[in-house]
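Down below is the structure, laid out as structure tokens.
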Amino acid sequence: MSELYTLVVSIITHTPIWVWIVLLIIIKKGIALLKDTEVSVGKSCLMPAIFILWSVDTIATKFTYPLYLVPCYLIFLTFGAFAGLYIYRNKIFYVEHTVLMQTGSKIPLYIMIINFCIKYALNVLLSVQPALYNQVSFNISYGIIAGFTVGLFFGNTIRAIRAQSRLLA
Numbered sequence: 001m002s003e004l005y006t007l008v009v010s011i012i013t014h015t016p017i018w019v020w021i022v023l024l025i026i027i028k029k030g031i032a033l034l035k036d037t038e039v040s041v042g043k044s045c046l047m048p049a050i051f052i053l054w055s056v057d058t059i060a061t062k063f064t065y066p067l068y069l070v071p072c073y074l075i076f077l078t079f080g081a082f083a084g085l086y087i088y089r090n091k092i093f094y095v096e097h098t099v100l101m102q103t104g105s106k107i108p109l110y111i112m113i114i115n116f117c118i119k120y121a122l123n124v125l126l127s128v129q130p131a132l133y134n135q136v137s138f139n140i141s142y143g144i145i146a147g148f149t150v151g152l153f154f155g156n157t158i159r160a161i162r163a164q165s166r167l168l169a
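Numbering (the UniProt record's numbering), first residue to last: 1 to 169.
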């Protein structure tokens with residue numbers, strides 16, 4: 001038990017402050033989306049952009065086999081987007097005072113927290129076992145997992161773009 005405690009404390013204290021700031025932003029944004037909110041396509045791209053940049057930085061600076069990893073990342077980002085479209089299939093958009101609105105939902109909060117936890121866990125694993133950067137199988141696995149989870153964000157974004165073009169036309 002003492003080793004587990006030491007590991008957890010070490011992980012928390014060695015996490016850069018910007019990661020905790022991202023977590024706070026995610027929680028704040030997710031809580032805001034529990035109620036009906038105005039839709040901004042640009043703002044709905046913010047979370048996926050943060051996670052994509054986080055992945056691209058890791059891929060570009062640390063992995064040994066980016067030529068295997070990047071195609072997996074992009075393919076599974078696409079699969080994740082289709083899964084996100086399915087998850088958000090019942091999302092309702094409406095116009096209020098010429099502004100596009102969306103109904104509140106727990107789904108974005110869940111997706112953001114799950115995405116953060118998976119990305120965080122992958123990076124902790126890599127910091128504890130840096131030899132994984134040099135394993136082709138882990139490079140591919142990272143691409144699959146990171147791509148799919150980021151892709152989930154795009155389901156709601158795609159639906160928002162469709163709703164905006166349909167409802168505000």
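Note that the Cβ used here is the ideal one computed from N, Cα and C, for glycine as well.
Pick helix, strand or coil for Gln102, following the three-state DSSP scheme. In the structure shown, Gln102 sits in a strand (DSSP, three-state: E or B).
Uninterrupted alpha helix (DSSP H) stretches inside the region 10 to 44 (no shorter than 4 residues): Restricting attention to alpha helix (DSSP H) runs no shorter than 4 residues, the region 10 to 44 encloses them at 17 to 32, 41 to 44, ordered along the chain.
According to DSSP, Val124 sits in a beta bridge with which residue or residues? Per DSSP, Val124 has no beta bridge partner at all.
Where does the unbroken beta strand (DSSP E) through Tyr68 begin, and where does it stop? Looking at the DSSP string, Tyr68 is not in any beta strand (DSSP E); the run it does join, the alpha helix (DSSP H), is 66 to 87.
Val95 - partner residues in DSSP beta bridges: Note: Val95 is bridge-paired with Leu100 in the DSSP secondary-structure output.
Can you give me the C-alpha to C-alpha distance between Lys43 and Val70, rounded to a whole angstrom? Spanning the two alpha carbons is a distance of roughly 25 Å.
Compute the Euclidean distance between the alpha carbons of Ala83 and Ser165, then round it to the nearest angstrom. Their Cα atoms are separated by approximately 22 Å.
Three-state class that DSSP yields for Met1 in the structure shown: Coil at Met1, not helix or strand.
Limits of the unbroken alpha helix (DSSP H) element including Phe63: From DSSP, Phe63 is part of no alpha helix (DSSP H); its letter is neither H nor E.
With C-beta atoms as the reference, is Lys29 less than 8 Å away from Met112? Yes.
Name the two residues that bound the continuous alpha helix (DSSP H) containing residue 173. What the structure shows of the chain is the stretch from 1 to 169, and residue 173 is not part of that stretch, so it cannot be assessed.
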